[in-house]
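Worksheet for the structure shown next.
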Amino acid sequence: MPNAGRPLSDRTPFAAVKVLYCAERQRSGLRYGLVRMNDMPESTDQDRASGTQRTIDSGGDNELRDTLNRTLSAVAQEDRDAFATLYRLASARVFGVILRMVRDRAEAEDLLQDVFVNVWRRASAFDPARGSAMTWLITLARNRTIDRLREHRESALDEPDALAIPSEDPTPAALAEASEARQRLEDCMQRLEPQQRGVVREAFFSGASYSELASRLSVPLGTMKSWIRRSLMQLKMCLEQ
C-alpha cells in the first residue's frame, strides 16, 4: 500500500492531518469527535480554499476530474499523501455544498470533517466507471448532511420538555406560506426552457460551477453566465407577478 502507515509530508494541509487523526482513532475504536474543524488555525481555511477554486475557474475541469479520480483511487489504497491532495483540491467545493444545506458555518465545518473521515474509510467504494470523484464526494456530503438534519429533527421531538419551552420553530401558517412559496418557485421554474431549467438546478441545487456547466454543454463560460443571469431574471419577474 503506497504511503500507508508512514507520516504525511510537510506539505500536507493541517486540516487533512486532523481528519486523518480522527479517522484513525475511529477505526481503532477510540472516541471520535475530539477535534473540530473550527479549532484549527486560520490558515486552514486558506488551505481548504486554495487550489479548488483556482482550478475550477481556470476552466481545467477535465484535468481536475481526472486528477480527482486518480487521487481518490489512491486514497482507497490508504495513500495518505493522496488523501491530503484530495482534501486540498475538493474540500472547498464540498464545504460549499454542505454550507448551502445547513446555513451554519460551524455545523458545516463539523460535517466536512465527518465527510472526509468517511472518505478515508470508504474510498474503496468509489468506482470511476460509475461517475466522477467529485460527484461521489458531493453525494457523500449531501447524504451525511441530510442524516444530520434528520438527527436534529428527531432529537427535538425526543426532548421531554420541548412542549413546555416557547418554540422558535415556524408556525403552521409560516410553514404553509413557505410551502406555497416553494410551489410558486417550482411553477416558475417550469416556465423556463428545459435547458435553462437544467442549468439553474445544477448551479443552485447540485453545486455545479458555471465553468463545469459550460464544459458539459460545450459553450463559452460567458455564454453560460448569460444563460443563468437571464434565467434568474425570468424567475424574478415570474415570482413578482
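Sequential numbering from 16 applies to the sequence shown in this note's numbering. Think of the CB as a built atom: it goes at the ideal place given N, C-alpha and C, for glycine as much as any other residue.
Asked: Using the C-alpha atoms, what's the distance from residue 127 back to residue 242?; Found: 31 Å
Asked: By the three-class DSSP mapping on this structure, what secondary structure does residue 92 have?; Found: coil
Asked: Near residue 236, which residues of its chain fall below 8 Å by C-beta distance, leaving aside the five closest residues on each side in sequence?; Found: 74, 225, 226, 229
Asked: Where does residue 237 fall in DSSP's three states?; Found: helix
Asked: For residue 95, count neighbouring C-beta atoms within 10 Å of its own C-beta (all shown protein chains included) and say buried if the count is 16 or more, exposed if not.; Found: buried
Asked: Looking at the unbroken alpha helix (DSSP H) that takes in residue 124, where does it start and where does it end?; Found: 120-137
Asked: How many Å lie between residue 209 and residue 215 at the Cα?; Found: 10 Å
Asked: With 16 as the cutoff for other CB atoms within 10 Å, does residue 22 come out buried or exposed?; Found: Unreliable positioning characterises residue 22 in this predicted model, as indicated by a pLDDT of 38, which lies under 50. The coordinate reading is nonetheless provided below. Exposed is the call here.
Asked: Among residues of its own chain, excluding the 5 on either side of residue 248, which ones have a beta-carbon nearer than 8 Å to its beta-carbon?; Found: none
Asked: Quick one: grab the DSSP three-state call for residue 205.; Found: helix
Asked: Out of 232, 212, 160, which one is the CA nearest neighbour of residue 246?; Found: 212
Asked: Taking a contact to mean a Cβ-Cβ separation below 8 Å, would you say residue 149 touches residue 115 in this structure?; Found: no
Asked: Nearest by alpha-carbon distance to residue 258: which of 84, 223, 254, 92 is it?; Found: With the chain running from 16 to 256 in the structure shown, residue 258 is simply not present.
Asked: Quick check: the Cα distance between residue 112 and residue 122, rounded to an integer number of angstroms?; Found: 12 Å
Asked: For residue 129, I'd like the list of residues in its chain whose CB is within less than 7 Å of its CB, leaving aside the five on either flank, ordered along the chain.; Found: 159
Asked: Would you mind reading off the limits of the alpha helix (DSSP H) that contains residue 229?; Found: 225-232
Asked: Secondary structure at residue 147, three-state DSSP: helix, strand or coil?; Found: coil
Asked: Using the rule of at least 16 other Cβ atoms within 10 Å of the residue's Cβ for burial, across every protein chain shown, is residue 86 buried or exposed?; Found: buried
Asked: Out of curiosity, what's the CA-to-CA distance linking residue 206 and residue 233?; Found: 24 Å
Asked: What's the C-alpha gap between residue 253 and residue 90?; Found: 47 Å
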